[in-house]
Amino acid sequence: MGRSAAAALLLVLSILHVAKALIPSAPVARRSVFHRPTSSSTASVVRLPTHLCSDASDSSPSAVVSEEERRAALKAEADVEPPPKSFFQLQKQAYAAAKLAIGDGERLLEIEFPPLPAAQLEADEVGAYQVTQANVRLALDFARSFSEDGKKLCILMPDEAERNIAIESLDEGYEKGADCTPMPGVTISSLRVSDPDDKRLFKPEQIFLNLFGTPSGQVNARPGTDIYVILVASAQELPDVEQLHKLEPDATIVFFNLKLETLRGDLGAPAFPPKEFQDRFLSRVKPVYFLRTRQYSRSMATPPFLLNYQGCLYRKYPGKFQTLLDTGGGNFRTVQSSNIRPGLGEFKEQLTVSLRATGVIDEEGKTLSFLRTGYKTQTWWEEERPDASMGWRT
99 MGRSAAAALL LVLSILHVAK ALIPSAPVAR RSVFHRPTSS STASVVRLPT HLCSDASDSS
159 PSAVVSEEER RAALKAEADV EPPPKSFFQL QKQAYAAAKL AIGDGERLLE IEFPPLPAAQ
219 LEADEVGAYQ VTQANVRLAL DFARSFSEDG KKLCILMPDE AERNIAIESL DEGYEKGADC
279 TPMPGVTISS LRVSDPDDKR LFKPEQIFLN LFGTPSGQVN ARPGTDIYVI LVASAQELPD
339 VEQLHKLEPD ATIVFFNLKL ETLRGDLGAP AFPPKEFQDR FLSRVKPVYF LRTRQYSRSM
399 ATPPFLLNYQ GCLYRKYPGK FQTLLDTGGG NFRTVQSSNI RPGLGEFKEQ LTVSLRATGV
459 IDEEGKTLSF LRTGYKTQTW WEEERPDASM GWRT
């Protein structure tokens, strides 16, 4: 009997063990780490570290690292990007550079490039009017890209007379003597606006003001404008742009193909703004897209006795300034690149050193080299000036 009872007990225990394994147990209630306690709940909330949450803000360490990597990649690409092969590619590059600079908080931008092919610019039949026409259409193409982003732009000519000429050149049947809107979000207007209540045809006081380079009318801001694009302004009209910047400090102002390098040379002359204007305002204008070609000639002691060569200074923000030597056929070779914009004399010397290194130009003594370059190789605005900003060189 003892053995039978023990065997029966073992059999019952085996059956109970198998049943427990086959029947699922009731789930144990668990509180989620994201559980929001009700007012009656006294349990504390468990919060995950910010950098582990999927909806973390851009201030998280992982987001900051990725943004830094993205910026580094953009700069590395811009550092070696070659000049454009077409105006279509040029416009895309200029738009991308300006958009990135605006996103970085820049408000005074310079965009400079040849408005026409070199062969046309050198033609005798091409004058200031044809260049202005080309710049107006290029500025419209530039503005179109931003208007498609929902921005409001205003293309400003120096005065109403220039505005009227620009609008007539479009040949689209716009009303004469008034602003026009060639596309949604883009307006063509003038920096200075005359008094609408002054109906006089002859204004004797303006004759005296014109002698000192003071145009008629006053500078007015256009409320709601995100980007102003300045066209065909002279050195005498640049203070109007400064006044506009004071009226609209948060708006972006684009100096579009104004050849600021040339205009800076006029500062300090009679009836022109003083040199201090460069320190106060123009030195803050950042070249976000810059493509300027220059041609040089050099006499030689051996055939061909006269060497003609050319190069271009190219920069696409946020990349470096590239000194490029024209090797013919629309191709360029990088001579040097720098985060600081080289001066005019420095740019020429960089091209010369490259030609000398490749054996195109023979080595010269210090005396002859000095006679070629002269004592002063920098213009006054390229020198270190205590009150000037470095924005125009970076």
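Numbers 99 to 492, taken from our numbering, label the letters of the sequence shown in order.
Just so it is clear, CB atoms sit at the ideal spot from N, CA and C, and this is done for glycine as well.
Out of the options, which one is the CA nearest neighbour of residue i?
i	options	result
A192	L389, R396, L365, Q376	L389
L289	N262, F403, T475	N262
V317	M255, P282, A276	M255
S381	A217, Q393, E208	E208
S287	E270, D269, I265	I265
N233	R413, D202, S267, D247	S267
R235	E480, M398, M281, A259	M281
L411	K274, V352, R491	R491
G315	V224, T279, E335	E335
D485	K373, N406, Y387	K373
F240	V339, P368, A349, Y326	Y326
V284	F379, A237, E270, P212	A237
Y387	L422, T350, F354	F354
V227	V330, E359, F403	In the sequence as displayed, the identity of residue 227 is Tyr instead of Val. Taking only the C-alpha atoms, the option nearest Y227 is V330.
A455	P337, R439, G443, L423	L423
T391	L361, L365, G428, A367	G428
P361	E346, H343, S332	The sequence shown places Leu at residue 361, not Pro. Cα-wise, what sits closest to L361 is S332.
K173	M488, F185, L206, A195	A195
D348	E166, K183, E175, P321	P321
F186	M488, S243, A367, L342	S243
C278	I253, D257, V291	I253
M398	S436, I459, K249	I459
D269	S292, Q231, D247, E258	Q231
T432	R439, S452, G443, T475	S452
A259	T400, S436, L206, S292	S292
D257	Q434, G457, G271, G275	G275
T475	G489, E461, G457, G443	G443
G502	N437, L405, S184, R439	A question about residue 502 goes unanswered here, because the residues of the chain that appear run from 99 up to 492.
K249	K197, A170, Q189, R396	K197
P337	I328, P371, G366	P371
S184	E166, F211, P402	F211
M488	I438, T450, T477, P402	I438
The beta strand (DSSP E) that contains residue i, what's its start and end?
i	result
I459	Here I459 belongs to no beta strand (DSSP E), and DSSP marks it neither H nor E.
T400	Neither: T400 is in no beta strand (DSSP E) and is coded neither H nor E.
V327	325-328
T421	419-426
Q434	429-436
Tell me the residue span of the alpha helix (DSSP H) that contains residue i.
i	result
V339	336-345
K183	It is not in any alpha helix (DSSP H) - K183 carries neither H nor E in the DSSP assignment.
I265	258-268
T350	Taken as a continuous stretch (DSSP letters only), T350 belongs to no alpha helix (DSSP H), being part of the beta strand (DSSP E) at 350-354.
T230	226-245
L380	No alpha helix (DSSP H) holds L380; DSSP gives it neither H nor E.
T492	Taken as a continuous stretch (DSSP letters only), T492 belongs to no alpha helix (DSSP H), as it is neither H nor E.
E359	358-362
A216	216-219
So, is the C-beta of residue i closer than 7 Å to a C-beta in chain C?
i	result
T391	The structure shown contains no chain C; it holds only a single protein chain.
Below 8 Å on the Cβ atoms is my guess for residue i versus residue j; work out the distance and round it to an integer in Å.
i	j	result
K384	A199	7 Å
Q393	Q408	4 Å
P181	F445	Rounded, the Cβ-Cβ distance is 15 Å, inconsistent with contact.
G441	E480	4 Å
T421	Q448	5 Å
E340	A319	Not a contact, Cβ separation roughly 13 Å.
E204	G417	That pair is no contact at about 15 Å.
D324	L251	7 Å
I351	L358	Incorrect: roughly 13 Å between the Cβ atoms, too far for contact.
V229	P215	That belief does not hold up - the Cβ atoms of V229 and P215 are roughly 12 Å apart, past 8 Å.
D177	S436	Contact doesn't hold; Cβ gap of about 10 Å is too wide.
Who does residue i pair with in a DSSP beta bridge?
i	result
T285	C252
E210	F388
N406	S395
Q316	V291
R205	According to DSSP, R205 bridges with nothing at all.
R483	In DSSP, R483 forms no bridge with anything.
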